[in-house]
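Written below as structure tokens is the structure these notes are about.
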Amino acid sequence: MTTRKRDRHIFMEKPMSDQTADAGEGGLREEGARRGFLLKMAVLGLSSTLPGFASSGPPAGRRGGVLRVSVSQAIAKVNPFQARVIPEYLVVELLYSGLTRLSPANVAEPDLAISWSSNEKLDEWTFRLRPAIKFRDGSICRPSDVIASIKAVLDAKTGSPARQNIGPIADIVSTADDTVTFKLSTPYADLPIALSHPNAKIVPAAIIDKGMDRLARDAFGTGPFELVQFESERIVVATRNAQYYDPQRPYLDRIEVRVYPDATSEGSALMSGDIDLMSQVQPTEFARLSQAPRVNALRLASGTFSNVILGCNQKPFDDIRVRQALALTVDRKVMVDFVAEGLGTVANDTPINASYPFFSRRPDKTVDIAQAKKLLAAAGYPDGLTITLVASDVPAVRTQMAVALREMAKPAGFNIEVQTMPHATYLEQVWRKGACYIGYYSGQPTIDAMVSQLYTSTAAWNETHWNNKKFDSLIEQARGTADAAQRQQLYADAQALMRTEVPSLIPVFFDLLRAHRDYVNDFMMYPRGVLFGLDHVWLAEGAPRRA
């Protein structure tokens, strides 16, 4: 198991086997309470081991087998620095390791780094690497590879989603043959968690130096599996890495990731046994799968949300009154029922919920059409306002949210014209460019990681262009503060500011929905919805035998 010293700045690993087993739909509330407790302990730097959270792996004789996993989108590339959709994150996790990895309790665990510590100012962190770990090309993972990889993530030319999410790193140096030291521009308490970002994987420096074009279709990682087949639109196949640092894992011989663009046919494939695990289940399919024999439908409260991006640098959304008026038209409980099929929770225009440490609970927003009309009139639209709302067709909840908002906002004078388009077209023409469109995002392990991705002025994906200096200052102060009470207040103030100014409309959090056949064991649900932990999965009796 892992042990954590009470000093919050030190983490050391002992031989590790404890892992968190997934709780299905029936265990949702109990599992949520456990994780909430674990998150509090993680903030305090205490042990995260609890009875009932351990997984011992398969019984003797049950290693091996082939797991078929379905995804709903093509895997455009396997470049770990540039992955940006769930199917790509899933494949990258199989093939690569980071310095740390995130547990189901949102706690940083060892990956390529076996231990880490910080100075008292929290502006210098040192990580010690595992010895003699080999990349797929046969080279040994050294500090120079870590330095080259993290610098590649930080390079704007790489285009990595992790660039703004792995901390205020000023420099990275090697202080010994097995250590890497991060020197930060400002104190940062969350660095070990930040470095577990699914894009912050370690690649041989030689590959990076020669140009990263090869990473799009080939893999050179130290992960639990090795890439053997890559057909972007159809299938990706990975086999067990015999040189993985844990001699027990992975338990499977092979994983096949198969693309199913149609949700109904994907669900049918699971029910028939053509696939073993669905990486994502649409709310419209969840009830059907819940009733299917030999299928376990899984549900976990998470930070995944859809938001209505309101371009604060473009008319009419540059006027806060228009944004506030639109927010007042939304019946959030109805949104949960209609868009999430009841499989979610109410959101109040911030991307932070109870799955995060330092969440600040406030009363739910309610509908007020009269006040919405007054705000529109004060903003110069007494006769109403016509806007175009763009929705990608993947996932389907985007279009459902757009249609629901259109109907809810009509009584206040909003005439919303919903425009739907293929997801590829949306990414090319609308994402980060449009004034009003539906986004869809998984939760992050920390508040800082979430807002640094989407809502600060320097966010990697600054879609709203809110660019609020007060908000930026609150986040900057919180990330460098070790005192939990001070961080709580700073983050509470930041959430209150978002709630008031509505840089984007966030009405609902979606429960994380997945499903697998009943012979799939130790599949873990992570509140961070882009993680899967398939190196812990094993197949019981009754699993199909595949060549």
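Numbering (the working numbering), first residue to last: 85 to 631.
Here a beta-carbon is modelled for each residue, glycine too, at the ideal position from N, C-alpha and C.
*Below 7 Å CB to CB, which residues in the same chain sit around residue 182 once its five sequence neighbours on both sides are set aside?*
195, 196, 279, 280, 284, 285, 286
*In this structure, does DSSP put residue 33 in helix, strand or coil?*
Residue 33 is absent from the model: the chain starts at 85 and stops at 631.
*Close-in-space but distant-in-sequence residues of the same chain around residue 232 (CB under 6 Å, 5 per side omitted)*: 289, 292
*asked:* Would residue 215 and residue 264 be called neighbours here (beta carbons separated by less than 7 Å)?
replied: no
*How would you call residue 457, buried or exposed, if buried means at least 16 neighbouring beta carbons within 10 angstroms?*
buried
*According to DSSP, is residue 193 helix, strand or coil?*
strand
_Collapsed DSSP secondary structure at residue 355 in the structure displayed_ = helix
*residue 247 beta carbon less than 7 Å from that of residue 544*: yes
*Whose C-beta lies closer than 6 Å to the C-beta of residue 625 among residues of the same chain, with five residues either side of it excluded?*
none
_Residues sharing a beta bridge with residue 219, DSSP_ = None; residue 219 has no bridge partner.
*Do you know how far the Cα of residue 507 is from the Cα of residue 474?*
11 Å
*If we count the other Cβ atoms within 10 Å of its Cβ and call it buried at 16 or more, is residue 587 buried or exposed?*
buried
*Which same chain residues, not among the five before or five after residue 553, have their C-beta less than 8 Å away from its C-beta?*
541
_Would residue 481 and residue 386 be called neighbours here (beta carbons separated by less than 7 Å)?_
no
*Buried or exposed by the 16-neighbour rule on C-beta atoms within 10 Å, applied to residue 619*: buried
*Counting only runs that start and end within the region 499-555, where is the alpha helix (DSSP H) found for 4 or more residues in a row?*
507-513, 531-538
*Would you list the residues sitting across from residue 339 in a DSSP beta bridge?*
151, 322
*Is the beta carbon of residue 459 less than 7 Å from the beta carbon of residue 405?*
yes
*In the region 387-472, which residue ranges form an unbroken alpha helix (DSSP H) of at least 4 residues, counting only runs that do not cross its ends?*
404-411, 416-423, 453-462
_Does the structure place the region 238-247 close enough to the region 327-339 that three or more beta carbon pairs sit under 8 Å?_
no
*Name the residue from 470, 558, 198, 567 whose alpha carbon lies nearest to the alpha carbon of residue 519.*
470
*N-terminal and C-terminal residue of the beta strand (DSSP E) that residue 589 is part of*: 588-601
_Checking the sheet assignment: what are the DSSP bridge partners for residue 265?_
210, 257
*Is it a yes or a no for the region 362-381 touching the region 569-584, going by three-plus beta-carbon pairs under 8 Å?*
no
*Thinking just about the alpha-carbon of each residue, which of 422, 550, 438 is nearest to the one in residue 487?*
422
_residue 575 vs residue 531 beta-carbon contact at 7 Å_ = yes
*Mark residue 439 as exposed unless 16 or more other C-beta atoms lie within 10 angstroms of its C-beta, in which case mark it buried.*
buried
*Hey, residue 316 and residue 160: beta-carbon distance below 7 Å or not?*
yes
_Counting C-beta neighbours from all protein chains within 10 Å, is the total for residue 224 16 or more, i.e. buried, or is it exposed?_
exposed
*Given that a residue counts as buried once 16 or more other Cβ atoms are within 10 Å of its Cβ, and exposed if not, what is residue 62?*
For residue 62 there is no data in the structure shown, the boundaries of the chain being 85 and 631.
*Could you tell me whether the region 598-607 touches the region 424-433, using the rule of 3 or more Cβ pairs below 8 Å?*
no
*Where the beta strand (DSSP E) containing residue 311 begins and where it ends*: 309-315
*Nearest candidate by alpha-carbon position, reference residue 333, set 630, 340, 629, 617*: 617
_Reduced DSSP secondary structure (H/G/I, E/B, other) of residue 345_ = coil
*Would you report the Cα separation of residue 151 and residue 497, rounded to the nearest angstrom?*
52 Å
*In terms of residues, what are the limits of the beta strand (DSSP E) holding residue 184?*
184-186
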